[in-house]
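Take a look at the structure set out below.
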Amino acid sequence: MTSAKANLPHILLVDDDDRIRALLKQYFETKGFRCATGRNAAEAELFLSVLRFDLMVLDVMMPGENGRDFAARLVGSGETMPIILLTALGNTEDKVGGLRAGVDDYVPKPCHPEELVLRIRAILRRSSASERERPQAAILEFGEFVFDSQKGRLRRGGDHVHLTQTDISMLNCLAQTPNEIVPRERFAAITDAGPDSDRERIVDVMMSRLRKKIEADPRRPRHIRTIRGIGYTLQTN
Numbered sequence: 056m057t058s059a060k061a062n063l064p065h066i067l068l069v070d071d072d073d074r075i076r077a078l079l080k081q082y083f084e085t086k087g088f089r090c091a092t093g094r095n096a097a098e099a100e101l102f103l104s105v106l107r108f109d110l111m112v113l114d115v116m117m118p119g120e121n122g123r124d125f126a127a128r129l130v131g132s133g134e135t136m137p138i139i140l141l142t143a144l145g146n147t148e149d150k151v152g153g154l155r156a157g158v159d160d161y162v163p164k165p166c167h168p169e170e171l172v173l174r175i176r177a178i179l180r181r182s183s184a185s186e187r188e189r190p191q192a193a194i195l196e197f198g199e200f201v202f203d204s205q206k207g208r209l210r211r212g213g214d215h216v217h218l219t220q221t222d223i224s225m226l227n228c229l230a231q232t233p234n235e236i237v238p239r240e241r242f243a244a245i246t247d248a249g250p251d252s253d254r255e256r257i258v259d260v261m262m263s264r265l266r267k268k269i270e271a272d273p274r275r276p277r278h279i280r281t282i283r284g285i286g287y288t289l290q291t292n
């Protein structure tokens, strides 16, 4: 492999449909990605044990362990690689369920390959931008937590708190102006929430997922508070 090709973003595509897998792999490679493919969760797990990937596109409806359960298991084990779920189940409830599993985006089938590439690039761009734009002194303390936005790490005492890339982007957005209101629209842009009809629901789900990692009682949040009709604020005192 040439050094130029080795520097291309590396995508893991997992889908049990041979035709879709072949078509998307070819398309991804024409758009400047390296792409490995697997037919199921077991093959994907083998790839992940030996190679590093920048992002995984994962079908939900597969034989054996389904994509949503596999994604939730990876996230629960501390995997930080962004994950896009790809599925024929495209209603809002299914999308919410996928996002609750800890993935970064949820794309319904059938989708145009160009749309999928745009979503991949948006996630990778957010990750790259968060690395470039974090201030040099970026340590924020709130309650028992210490958030290092430069490294994208959150700790509670001596324990690491696992965050997905989307979690990091949302917390970083809050941490840029602690104790001030961040408009809801900022989070809709971060999460690529999709059609206007879904945006409020999806942003709430993503914020609820972040709260569960931070708040002792997510129903009575101490740190991440909702300002009804406006947005959210991160309280440090």
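In case it helps, our numbering puts the sequence shown at residues 56 to 292. The beta-carbon is built from N, C-alpha and C at its ideal position, and this holds for glycine as well.
**Study point:** CB contact flag (A177, A156, <8 Å)
**Key:** no
Exercise for review: Spatial neighbours of H217 within its chain, please: CB distance less than 6 Å, with the 5 preceding and 5 following residues excluded, ordered by chain position.
Suggested key: G133
**Study point:** Cβ neighbours of G119 in the same chain (closer than 8 Å, five flanking residues each side left out)
**Key:** N95, A96 and A97
Review point. For M111, does the three-state DSSP call read helix, strand or coil?
Key: It is a strand residue.
Point to revise | 8 Å CB neighbourhood of I139 in its chain, flanking five on each side removed | key: L110, M111, V112, L113, V158, D159, D160, Y161, V162, L171, R174, I175 and I178
Exercise for review: Since I believe R123 is in contact with G152 (beta carbons under 8 Å), could you give me their beta-carbon distance rounded to a whole number of angstroms?
Suggested key: 7 Å
Review point. Hey, out of K268, P238 and L63, whose CA is closest to T281's CA?
Key: Of K268, P238 and L63, the smallest CA-CA separation from T281 is found for P238.
Review point. Going by the beta-carbon positions, is the gap between E196 and R211 smaller than 8 Å?
Key: Note that the C-beta distance between E196 and R211 is not below 8 Å.
Practice item. Return the chain-ordered list of same chain residues with a C-beta closer than 8 Å to the C-beta of E235, the five sequence neighbours on each side being excluded. Key: T288
Practice item. Pull up the distance between the alpha-carbon of T232 and that of D272, whole angstroms please. Key: 23 Å
Review point. Are there 16 or more other CB atoms within 10 angstroms of the CB of G286, so buried, or fewer, so exposed?
Key: buried
Review point. By Cβ distance, which residues of its chain are closer than 7 Å to A230, with the 5 residues on each side in sequence left out?
Key: L195, F202, S204 and L289
Review point. Between which two residues does the beta strand (DSSP E) containing C90 stretch?
Key: R89 to G93
Exercise for review: Output the boundary residues of the beta strand (DSSP E) element that contains V69.
Suggested key: Residues H65 to V69.
Review point. Do L68 and K80 have their C-beta atoms within less than 8 Å of each other?
Key: yes
Exercise for review: For H278, count neighbouring C-beta atoms within 10 Å of its own C-beta (all shown protein chains included) and say buried if the count is 16 or more, exposed if not.
Suggested key: buried
Exercise for review: Following the continuous beta strand (DSSP E) through G286, name the residue where it begins and the one where it ends.
Suggested key: G286 to L289
Review point. Which of helix, strand or coil does DSSP assign to L226?
Key: helix
Point to revise | Residues near K268 in its chain [Cβ-Cβ closer than 8 Å; skip 5 each side] | key: Around K268: L209, V216, H217, L218 and D222.
Check your understanding: Near V260, which residues of its chain fall below 7 Å by C-beta distance, leaving aside the five closest residues on each side in sequence?
Key -> V151, L154 and R155
Review point. What number of angstroms, rounded off, separates the C-alpha of T291 from the C-alpha of E270?
Key: 13 Å
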